[in-house]
Amino acid sequence: SCMGQSEALASPCQMMLWESAIANGTGTVTNPHLINHTTGVTGSTTYSAETSYGDAIFSAEIASQIKQIMRQNGQEKYASIGYPVGVKSGTAQVNNGASENSLLVGFNDDPNFPIAFCVVIEDRVSGELSTSELVSTMLQALDKP
């Protein structure tokens, strides 16, 4: 449902909405849709989702500045993902430091493949599968024609 520390909680969907306002450079949330299209029994498209926007959560200037910082972070630390991503990571030590709750939230900065993502691994032990490996696998799977 929600994640965070103490009383500061957010859902993964809320995190992706925040990312959309940065990625689109406007500070305005891109409304999500869970179904891209539906097809009838004859094979014709009966519904096709269209991009729509919600509220501005900060200015376009702030969105642009944050996007630049996140893209730099993606280039410097997460190039292994294999896509031009902007990212923010976070970890919280748990189990007396034996493991961590690992977070990677961000966006793919390709206008032909705009995807926001939020990956959380609870109780991750160092050396196990990482959030960036999951993001890379997810983007590769979604990028197939």
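Heads up: take any position in the sequence shown, counting from 1, add 27, and you land on our numbering.
Each residue gets a CB set at the ideal place from its N, CA and C atoms; glycine is no exception.
According to DSSP, is residue i part of a helix, a strand, or is it coil?
{"i": "Ser129", "result": "strand"}
{"i": "Val152", "result": "coil"}
{"i": "Ser116", "result": "strand"}
{"i": "Asn122", "result": "helix"}
{"i": "Asn135", "result": "strand"}
Report buried or exposed for residue i, applying the criterion of at least 16 other Cβ atoms within 10 angstroms of its Cβ.
{"i": "Ala106", "result": "exposed"}
{"i": "Tyr110", "result": "buried"}
{"i": "Cys145", "result": "buried"}
{"i": "Ile96", "result": "exposed"}
{"i": "Val75", "result": "Checking the displayed sequence, the identity of residue 75 turns out to be Ser instead of Val. Exposed."}
{"i": "Ala143", "result": "buried"}
{"i": "Gly101", "result": "buried"}
{"i": "Ser38", "result": "exposed"}
{"i": "Ala50", "result": "buried"}
{"i": "Ala168", "result": "exposed"}
{"i": "Ser153", "result": "exposed"}
Under 8 Å by Cβ, that's how I've got residue i and residue j pegged, so tell me the actual separation to the nearest angstrom.
{"i": "Ser175", "j": "Ile93", "result": "This structure leaves residue 175 out entirely; the chain is present only between 28 and 172."}
Requested in this report: Entirely within the stretch 38-95 and at least 3 residues each: give me those beta strand (DSSP E) ranges in chain order.
Outcome: 55-57, 64-66, 72-75, 80-83
Quick check: the stretch 105-125 against the stretch 79-88, are there 3 or more CB pairs under 8 Å?
no
Any chance the stretch 128-136 sits against the stretch 37-48, with 3 or more Cβ pairs inside 8 Å? In short, these stretches touch, since the Cβ pair count reaches three.
Problem - Three CB pairs or more closer than 8 Å across the stretch 58-68 and the stretch 148-161 - result: For the pair of segments examined, the stretch 58-68 was found not to touch the stretch 148-161: the number of CB pairs separated by less than 8 Å stays below three.
How about the stretch 141-155 and the stretch 84-94: do they share at least three Cβ pairs that are nearer than 8 Å?
no
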